[in-house]
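The structure appears below as structure tokens.
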Amino acid sequence: MTHGEIAGVGGYLPGRVVTNAELAQTVETSDEWIVERTGIRERRIAEPFETASYMATAAARDALHHAGVDAGEVGAILVATSTPDQAFPAVALRVQAALGITGGFAFDIGAACSGFVYALAVADRLMQSGGLRYALVIGAEVFSRIVDWSDRGTCVLFGDGAGAVLLRAVEDPRRGILSTHLHADGRFGDILYVDGGIGRPELPGTVVMNGREVFRHAVAKLTDTVTEALAANGLTGADIDWLVPHQANLRIIEAMGKKLGLPADKIVVTVERHGNTSAASIPLALAEACHDGRIKRGDLVLMEALGAGLTWGSALVRY
Ligand SMILES: CC(C)(COP(=O)(O)OP(=O)(O)OC[C@H]1O[C@@H](n2cnc3c(N)ncnc32)[C@H](O)[C@@H]1OP(=O)(O)O)[C@@H](O)C(=O)NCCC(=O)NCCS
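Under the numbering used here, think of the first position of the sequence shown as 115, with each following residue one higher.
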């Protein structure tokens, strides 16, 4: 049976850097508070032209270039995003058109910060059902457009960007995506949500979060999902070469590293420089560590994420 392996990775970040000190000029916060509680030092903020589709397309081009594969080979495009350019068409269709692709299919996935893990799992299962040779799996977000810039509890946390993975179908079960594990529990929909938008036209909609509750669920549920990924493959934490976690908070990332018994230099961390880029954070971190040579072909990479919904999940991949 075929399944997906990573042929190439790519990323895109807006050029504009916003430091904690800059935020402290507009809301009552400090670099010290933000660094101590989250690990974040700066984030990238999109200019008006840098929409989810613009950034997703740039990240996809980077991944195609890295793989040495022509866009015409791509049979499916999946974009994980909570901040699409428009309600429709899907960002994935905008990417398809921008890349000059006219065949195959394309759609968006909404699973908030777990979106990339969800999209990776769906693309892998599509490849398992046969007939799909290459798929682009992208996370692209412009949270700067849905953050309440007067709420210090949330505006300091998020950033913009996009990351992409080009999946190729392979037969060898020892290569590529070894397993994916997805979960959702809608009972926790009110601890992290957008309070307006299409369903409530009287409100533009900004991010509302109970940070402590999200933190508590993140540590517990991410522990469960990395444990199940290891168990499904008969592995222990010692077998993992790299943890590429969703980048929400350095304290959550470090807690997961500790559970797995991984030293800090085996965990890819971008949250200090990117903030939380939601569905884009894992593919951005992956792209950075593959491009700079830290993650090498054959390395075992564990990814995990939790997001609004709640949604959470993990993926174990032989790069
Ligand atoms: C958001 C988070 C950093 C807040 O840290 P915390 O230690 O839980 O802090 P609290 O929310 O309890 O707030 C503590 C105090 O700091 C204040 N505070 C909140 N944001 C602040 C900021 N940016 N600067 C300064 N003070 C701030 C609060 O108002 C509160 O003050 P009070 O005690 O006078 O009411 C933390 O809860 C977190 O990271 N949660 C997970 C969030 C997450 O991962 N979200 C995305 C999931 S995909």
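For glycine and all other residues, C-beta sits at the position ideal for the given N, C-alpha and C.
Just so it is clear, the structure is predicted and the values come from calculations on it, not from any experiment.
(1) Round the Cβ separation of alanine 177 and glycine 224 to the nearest angstrom and send it over; I've been treating them as touching at under 8 angstroms.
(2) Report the rounded CA-to-CA distance for glutamate 368 versus alanine 378, giving the unit in angstroms.
(3) Can you tell which of Ala138, Ala429, Glu187 has its C-alpha closest to the C-alpha of alanine 283?
(4) The beta strand (DSSP E) that contains alanine 403, what's its start and end?
(5) Determine the direct distance from the alpha carbon of aspartate 262 to that of serine 309, and round the result to whole angstroms.
(6) Please report the distance separating the alpha-carbon of glutamate 438 from that of alanine 401.
(7) Name the two residues that bound the continuous beta strand (DSSP E) containing leucine 192.
(8) With a threshold of 7 angstroms, establish whether the CB of arginine 151 neighbours any heavy atom of ligand 1.
(9) Decide if the segment 378-396 is in contact with the segment 311-328; the criterion is three or more beta carbon pairs, one per stretch, under 8 angstroms apart.
(10) Three Cβ pairs or more, each shorter than 8 angstroms: is that satisfied between the segment 130-149 and the segment 243-256?
(11) Where does the unbroken beta strand (DSSP E) through glutamate 156 begin, and where does it stop?
(12) Drop a sphere of 10 angstroms on the beta-carbon of aspartate 299, count the other beta-carbons inside from all chains shown, and report buried for 16 or more, exposed for fewer.
(13) Terminal residues of the continuous beta strand (DSSP E) containing alanine 429?
(14) State yes or no: is the C-beta of threonine 350 within less than 8 angstroms of the C-beta of serine 228?
(15) Looking at the strands, I want to know which residues DSSP matches up with arginine 314.
(16) Return helix, strand or coil for serine 293, following the three-state DSSP convention.
(17) Just reading off the alpha helix (DSSP H) that arginine 282 is part of, what are its end residues?
(18) Would the C-beta of valine 270 count as close to ligand 2, meaning under 7 angstroms from any of its heavy atoms?
(19) Decide yes or no for the touch test of the segment 389-396 against the segment 359-374: beta carbon pairs closer than 8 angstroms, at least 3 of them.
(20) What does a CB cutoff of less than 6 angstroms around phenylalanine 273 pick up in its chain, not counting 5 residues either side in sequence?
(21) Measuring CB to CB, does glycine 118 end up less than 8 angstroms from isoleucine 291?
(22) Valine 358 bridges to which residues according to DSSP?
(23) Within the continuous alpha helix (DSSP H) that includes glycine 325, where are the two ends?
(24) Name, in chain order, the residues that DSSP records as bridge partners for asparagine 390.
(25) Check whether the Cβ atoms of alanine 237 and leucine 192 lie closer than 8 angstroms to each other.
(26) Alpha helix (DSSP H) containing isoleucine 367: first to last residue?
(27) Which first and last residues belong to the beta strand (DSSP E) in which valine 251 is found?
(28) Does the distance between the C-beta of phenylalanine 302 and the nearest non-hydrogen atom of ligand 1 fall short of 7 angstroms?
(29) Can you check which of these residues, Gly218, Gly124, Gly275, Gly153, is closest to glutamate 161 by C-alpha distance?
Reading it off the structure:
(1) No, alanine 177 and glycine 224 are not in contact; Cβ-Cβ is about 21 angstroms, not under 8 angstroms.
(2) Looking at the backbone, the Cα of glutamate 368 and that of alanine 378 are separated by about 8 angstroms.
(3) Nearest Cα to alanine 283 within the set Ala138, Ala429, Glu187: Glu187.
(4) Per DSSP, alanine 403 lies in no beta strand (DSSP E) segment; the continuous alpha helix (DSSP H) that holds it begins and ends at 395-405.
(5) This sequence places aspartate at residue 309; serine is not what is there. Straight-line Cα distance between these residues: approximately 11 angstroms.
(6) Residue numbering for the chain in the displayed model covers 115 to 433; residue 438 lies beyond these limits and cannot be assessed.
(7) Leucine 192: member of the beta strand (DSSP E) spanning 190-194, first to last residue.
(8) For arginine 151, the distance from the CB to the nearest heavy atom of ligand 1 is below 7 angstroms.
(9) As far as the Cβ criterion goes, the segment 378-396 does not touch the segment 311-328, which means the pair count is below three.
(10) Too few Cβ pairs lie closer than 8 angstroms, so no.
(11) Segment 156-158, the beta strand (DSSP E) holding glutamate 156.
(12) Exposed, because fewer than 16 other Cβ atoms sit within 10 Å of the Cβ of aspartate 299.
(13) 425-432 is the span of the beta strand (DSSP E), which, as asked, contains alanine 429.
(14) Against a cut-off of 8 angstroms, the Cβ pair of serine 228 and threonine 350 comes out as no contact.
(15) Paired residues: Gly311.
(16) The three-state secondary structure of serine 293, taken from DSSP, is strand.
(17) That residue, arginine 282, is in no alpha helix (DSSP H); its beta strand (DSSP E) goes 274-284.
(18) With respect to small molecules bound, the structure shown includes ligand 1 and not ligand 2.
(19) Contact holds: three or more Cβ-Cβ distances are below 8 angstroms.
(20) The question names phenylalanine, but residue 273 in the sequence shown is glycine. Excluding sequence positions up to five before and after glycine 273, its CB lies within less than 6 angstroms of the CB of Arg157, Arg158, His388, Gly389, Thr391, all in the same chain and listed in chain order.
(21) Isoleucine 291 sits close to glycine 118, with the two beta carbons spaced by under 8 angstroms.
(22) Met417, per the DSSP bridge assignment.
(23) Its alpha helix (DSSP H) spans residues 325-346.
(24) Its beta-bridge partners are Phe272.
(25) Contact: yes.
(26) For isoleucine 367, the uninterrupted alpha helix (DSSP H) run begins and ends at 364-374, by DSSP.
(27) Segment 248-256, the beta strand (DSSP E) holding valine 251.
(28) It does not: the Cβ of phenylalanine 302 is nowhere closer than 7 angstroms to a heavy atom of ligand 1.
(29) Taking each of Gly218, Gly124, Gly275, Gly153 in turn and checking the Cα distance to glutamate 161, the smallest one comes out for Gly275.
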